Structure formats: structure tokens, C-alpha cells
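Read in full-length UniProt numbering, the sequence shown has 289 at position 289, and its numbers run on one by one without any break.
Take a look at the structure below.
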Amino acid sequence: MENFHMKEKKLYDATLKGDVETLEALMREDELVLARVSVTSCFNQTPLHLAAMLGHFDFAKSLLRYKPNFATWLDSQDRSPLHFASANGYLNIVKLFLQEDPSVCLVRDEDGRTPLHLAIMNGQYESVNKLVEAKPEVTWYTLDNGETILHSCVLYNRLKPLILLMESATIDEDFANAKDESGSTILHTATALLHTRQVKYLLTRRYMRVNEVDGNGLTALDIIEEMPTDVKTIKIKELLISIGSLRAKEVGSTTNELAREIERTEGHSSCNAQSSTELCCNKGAELLRKVKRWSNLKKKGENKGDSLLVAATVLAAMAYQAVISPPGGVIGMDTNEIKVGTGHNIKAGTSILAQHDPVRSKLFWIFNTISFLASLSMIFLFISGISAKRKFFIWASRAAMWITVPSMALAYLLAAVTLIPDPNILNSTYVTLVIAAFIWYGLTIVSVLLLVYRLIVAASRKAEKSRNRILRNTGVGFHAENTSSNV
Numbered sequence: 001m002e003n004f005h006m007k008e009k010k011l012y013d014a015t016l017k018g019d020v021e022t023l024e025a026l027m028r029e030d031e032l033v034l035a036r037v038s039v040t041s042c043f044n045q046t047p048l049h050l051a052a053m054l055g056h057f058d059f060a061k062s063l064l065r066y067k068p069n070f071a072t073w074l075d076s077q078d079r080s081p082l083h084f085a086s087a088n089g090y091l092n093i094v095k096l097f098l099q100e101d102p103s104v105c106l107v108r109d110e111d112g113r114t115p116l117h118l119a120i121m122n123g124q125y126e127s128v129n130k131l132v133e134a135k136p137e138v139t140w141y142t143l144d145n146g147e148t149i150l151h152s153c154v155l156y157n158r159l160k161p162l163i164l165l166m167e168s169a170t171i172d173e174d175f176a177n178a179k180d181e182s183g184s185t186i187l188h189t190a191t192a193l194l195h196t197r198q199v200k201y202l203l204t205r206r207y208m209r210v211n212e213v214d215g216n217g218l219t220a221l222d223i224i225e226e227m228p229t230d231v232k233t234i235k236i237k238e239l240l241i242s243i244g245s246l247r248a249k250e251v252g253s254t255t256n257e258l259a260r261e262i263e264r265t266e267g268h269s270s271c272n273a274q275s276s277t278e279l280c281c282n283k284g285a286e287l288l289r290k291v292k293r294w295s296n297l298k299k300k301g302e303n304k305g306d307s308l309l310v311a312a313t314v315l316a317a318m319a320y321q322a323v324i325s326p327p328g329g330v331i332g333m334d335t336n337e338i339k340v341g342t343g344h345n346i347k348a349g350t351s352i353l354a355q356h357d358p359v360r361s362k363l364f365w366i367f368n369t370i371s372f373l374a375s376l377s378m379i380f381l382f383i384s385g386i387s388a389k390r391k392f393f394i395w396a397s398r399a400a401m402w403i404t405v406p407s408m409a410l411a412y413l414l415a416a417v418t419l420i421p422d423p424n425i426l427n428s429t430y431v432t433l434v435i436a437a438f439i440w441y442g443l444t445i446v447s448v449l450l451l452v453y454r455l456i457v458a459a460s461r462k463a464e465k466s467r468n469r470i471l472r473n474t475g476v477g478f479h480a481e482n483t484s485s486n487v
């Protein structure tokens, strides 16, 4: 027994090193050493498992020559040697095992994963390709939670294996749109994980159902709109809208409208079959055009809202930067003993402009604070969840921008004047600044006057329409009264 344990230790040492000569020497010494190891070994893996894990191709090849059934043996987690070779991307060993027994790539471990699952999890594209070639039906296997092999590609963000599988002959429309136990398709999952490249690719596949709802009753567009706005969410949202994706409530209303059109068409059963078919096709085409036109308009409105949010964020950042770094700078830590003309000590970290020109400093802080708070108000409107199509939102955002931009311009002018060494009419820099300010504020005043004029014209037209409506109704009543009296 002691002699056998020594042989077993030599065998595993040789396995760890990939020492083929030691393996052959042990087999010459005792041809049953591998058979005994497989029966009495305290290890939960065969030498072939270890060789596949470590990438020892020649050693694995020699083991299969002496013990071919090692290829189908499973460890304590129900994993075959092919699981390890596929997970680590040892393509030559993967080919070796598949030549020995192709059906081994259909073996599931205790978690329900095949070697293909492990290859995808670790991004081993070549292994994925060989496994699919050997047994195409392996792509049909699902996990206990209903996840397909395509879900695994999306969850682990493996684009190349996803493209390989999506373009294989084994994947059809129903499988590509299959749902896991939470009701999510691969498009829902890719959208929720913000995998932009995967979403972009999936939307190019004509059989993807972009308006499918998940277990929570949400479409992919609903999912992305519930997430905080950033570069990725904006990009994915644009991709979805461009392909015609709708919200769940819009999908329901569109479906109901189409059903009503079909019922209305079927109601005219007395018409001949050709006329009925043409009417249904025309109605369906008109409905699709309406949906597409509505989606394009909605996209333009949402893009405008995103642009306003970006502008408000930039303005708020500018105002904040002006606070921590005011015009003229701040007093350093080593100048707290210097005194100004008033006789007061200058405190370190305070604004130099506030010490030398308090009036201009106060004006700067007032306008900069107004600009900052107005920008924050715009940002708050966006994150509050108020629809961008509501009149309150539109007017509030416009008012905030009208307050923010002029205030920021005034704060800039005060800061610029502060930095000019000798601001007077003989200084060309100062004169240029003043002229630019007059031109800009002149244009602003003209814009305000035009806006007021448009409001007055719109109000007068509305009042005139109301007055004409009242006169028309009064005339109709007077005419009816005279008619009845004549009778």
C-alpha cells in the first residue's frame, strides 16, 4: 500500500509538471497505476482534469492513450476535463477531447453549465467556436433560471461569442427573443447592464423584438429611461428610439388601435376579399407611419431636453469654479500679517477683490450666485421626473435660462474689469470689453422685446377668437329668437 501511495504521489507530481517521461515510466512499472488511481485516489479530480487545467497537451494526450475513458470522468462538481480546457482556452486540448468523444461537450456541471458556458464566461472565443462546431445543439441548453446561452454572452459582456451564436444556424427568432425566469430577453438584459456595443449589435438583427416587455411590464426603452442620465444611457436611448422602440404604455395603445382597425375592417365582410385586404393594408401602413412620425418628433424633443440639461450642468460648474477661484485670487497662508488701508488684518483664504473693491466684489457674488442657483433649479427640474412636454416645465426651464445666462454674463464682465490693470476709456482692452457688452445686452434686450411682442400678439389673437365666438353664438341665439316670434 505504501508503494502505491508513492506511485500516486509521483503521478500527480508528474501531472503538475506535465512530465510525460515520468508517466510512461510509471506505466511501464505498473500498467494498472491509472486504474488504481481512478478507484482509490483521495483526490476529487483525475490526472486528466489537472492536465486540462494546466494546459499540458502532451501529457493529456498520453493519458488518453492509456486511459481513454478519463475524457468523460467527472469531478466532485460534475465537471469534465473539457470544462477546464474550455474555460482556460487551451484550444489544442479542446480539440483533443472532442476528437475522443464529441458528446462530452453536452455534459452539465452541478450548476447546469456546459463547457460552452465556461468558455463564454472567460471570453474564450476559439473554444466557443470549436464547441459549437462539434455539437451545435449545445447552444439550446438553458440554466435553471431560464437563462439561455445568449443571456450568458450578455451577462459577461462577450460580444464576439454573441455575434458567433446569433449568426449560427441553430438560433432562430424565438430563441433569440427567449426570456429568463424574470421575463427579460437579451435586449432587456443588455440595456439594463448598459452594454452599449451589444445593444447596438442586437438592434441590427431584424428578428429582435424591440418592444417586448419583461416580467415587470417594461420595454427596453422604459428600462433605460428609469436610469440616471449619463453618456451611456443617452447613447442607448438614441439607438432604441432610432429603431422604433416604444414604451410599454405606447405599445399597448398602438396594439389596441391596430386591433380596432382590424375589427373595423372585418365589419365590412360584405365587401369582396380584395377590397377588404387593400383597406386593411392601407390602414396598417398609415398607422405605422403615424407611430414612426410620433417617435421621430419625440426623439427631437428628448434630445433638446438632454441638451438643456448639459448646458445647465456646465453653467453650474462654471459658477461653482468662480466661487472657489474668484477674480483676483485669494490671499495666501503667509500673508495674514499684512494690513490694508483700513487697518484690519487680511485673513488667509479670503478674496483679494473683496479687500480692495468691496462694491464690485459684492456685485460679482450676487450675479454669480443667481446664475448658480438658477442652473441648479434647471437640474432639479430634470431630476424631479416632470415630463419635458408639460407647459410648466417648458416655461420654468426657459425662465431659468433667461436668468442664468445674463447673470453669468454680468459676473464675467465684473471679473474681466477686475483683471484689467487700468480700466478707462484710453485702455483698448477695456473699450473692447464695454463695446462687446453693449452689443450682447442690446441683442438680449431685442430678443426680450420680440418675445414680449409675440406674447402680446398671441394673447390678442386668442382674445379676438374668443370675442368672435361669443358674437357668433349671440347671433345664432338672436336669429333663433326672431324666427320663433315670427312663427
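Note that CB positions come from ideal geometry on N, CA and C, so glycine has one too.
All of these numbers come straight from a predicted model, not from anything done at the bench.
- For Asp58, the uninterrupted alpha helix (DSSP H) segment begins and ends at 57 to 66.
- Look at Ser325 here: in three-state DSSP terms it is coil, with no helix or strand label.
- Cβ-Cβ distances below 6 Å link Ile93 to Ala52, Phe57, Ala60, Ala85 in the same chain, with the five nearest sequence neighbours on each side left out; the list follows chain order.
- Per DSSP, the continuous alpha helix (DSSP H) segment holding Met53 begins and ends at 47 to 54.
- In this structure Gln321 is exposed. Its beta-carbon is surrounded by fewer than 16 other beta-carbon atoms within 10 angstroms.
- Close CB contacts of Asp422 within its chain, under the 7 Å cut and outside five residues either way in sequence, are absent.
- Distances from the alpha-carbon of Asp75 to those of Asp109, Met121, Leu118 put Asp109 closest.
- Going by DSSP, Leu193 is part of no alpha helix (DSSP H) at all; its letter is neither H nor E.
- Contact between Thr404 and Leu315 holds: their C-beta atoms lie close to 5 Å from each other, under 8 Å.
- Listed as beta-bridge partners of Val330 by DSSP are Ser351.
- DSSP places Ala169 in the coil class of the three-state scheme, outside both helix and strand.
- With fewer than 16 other beta carbons inside 10 angstroms of its own, Lys9 counts as exposed.
- Under the criterion of beta carbons closer than 8 Å, Ile234 and Leu194 do not qualify as touching, at roughly 11 Å.
- Within a 10 Å sphere around the beta-carbon of Glu147 sit 16 or more other beta-carbons, which makes this residue buried.
- In the DSSP assignment, Ala25 falls within the unbroken alpha helix (DSSP H) covering 20 to 29.
- Asp222: member of the alpha helix (DSSP H) spanning 220 to 225, first to last residue.
- In this structure, Leu91 is the residue among Thr15, Asn69, Glu167, Leu91 with its C-alpha nearest to the C-alpha of Tyr125.
- For the set Val33, Gly215, Ala134, the Cα lying nearest the Cα of Gly183 is the one of Gly215.
- Going by beta carbons, Met208 and Leu187 fall inside the 7 Å limit.
- In terms of Cβ geometry, Phe367 and Leu410 form a close pair [threshold 7 Å].
- Per the coordinates, the alpha-carbon of Ala14 lies some 36 Å from the alpha-carbon of Arg158.
- Residue environment analysis places Gly328 among the buried positions, since at least 16 neighbouring C-beta atoms fall within 10 angstroms of its C-beta.
- Residue range 149 to 155 is occupied by the alpha helix (DSSP H) that includes Cys153.
- Residue environment for Val457: exposed (fewer than 16 other C-beta atoms within 10 angstroms of its C-beta).
- Annotation for Ile379: the continuous alpha helix (DSSP H) segment containing it runs 358 to 383.
- Counting only residues of its own chain and dropping the five nearest sequence neighbours on each side, Gly112 has a CB closer than 6 Å to the CB of Leu143, Asp144.
- Apart from the 5 residues on each side of it in sequence, Ile425 sits with its Cβ closer than 7 Å to the Cβ of Val431 in its chain, given in chain order.
- For Pro81, the uninterrupted alpha helix (DSSP H) segment begins and ends at 81 to 88.
- Per the coordinates, the alpha-carbon of Leu419 lies some 36 Å from the alpha-carbon of Leu381.
- Spatial neighbours of Leu118 in its own chain (CB-CB distance under 6 Å, excluding positions within 5 residues in sequence) are listed in chain order as His83, Ser86, Ala87.
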